[in-house]
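A short worksheet on the structure shown next.
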Amino acid sequence: MQSITDDGIKVRTSKTGKVLLFEWTDELRQVLDRVKELRGRRQTMYLLFGGRGHRYTSSGFQTAWYRLMDNAMEKGAITERFTFHDIRAKAGSDSEDDKLLGNDIRTLERHYKRKPVTVTPLRRKQNI
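In the numbering used here, the protein residues as written are 341 to 468.
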């Protein structure tokens, strides 16, 4: 897992090819430790992988996601379904760091920034 470094986790985006470095936080380290626990002794070059240790295919990931959503709905952990893409959009909307998603600023604004932009109206000068 050469993407995991002392500085953080490196990810190459599929569309733009940009390399992003997600710096370590306590939460990110905890998640990585939990993933390593769950994978057990299985040897694979992937952090997240399908049943045979290979990377997820698009359809394989989608199937796993649907099962996760069904399970979460049944347990009452969530009240409505959402897509993996929705998580990305929420991160883009919530983050002040426009580099988080690795997109061009125009793409980011058009596709990922979903929260309304707060603006302060101009005040008219009062005639004195």
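Beta carbons are placed, not taken as given, at the ideal position from N, Cα and C, and that holds for glycine.
| Item | Value |
| --- | --- |
| Under the three-state DSSP convention, the category R369 falls into | helix |
| Distance between beta carbons of E363 and G348, contact taken as under 8 angstroms | 4 angstroms |
| Residue range of the unbroken beta strand (DSSP E) whose run includes K415 | From DSSP, K415 is part of no beta strand (DSSP E) but of the alpha helix (DSSP H) over 398–415. |
| Identity of the residues DSSP links to G348 by a beta bridge | E363 |
| H394 in three-state terms, based on DSSP | coil |
| Backbone secondary structure at E420 - three-state DSSP | coil |
| Supposed contact pair Y386 and R395 - C-beta distance, whole angstroms, cut 8 angstroms | 5 angstroms |
| Secondary structure of K305, DSSP reduced to three states | The chain is shown only over 341 to 468; residue 305 falls outside these bounds and no answer can be derived. |
| CB of F424 within 7 angstroms of CB of W405, strictly | yes |
| Closest by C-alpha distance to D346, when choosing among T365, V359, S354 | T365 |
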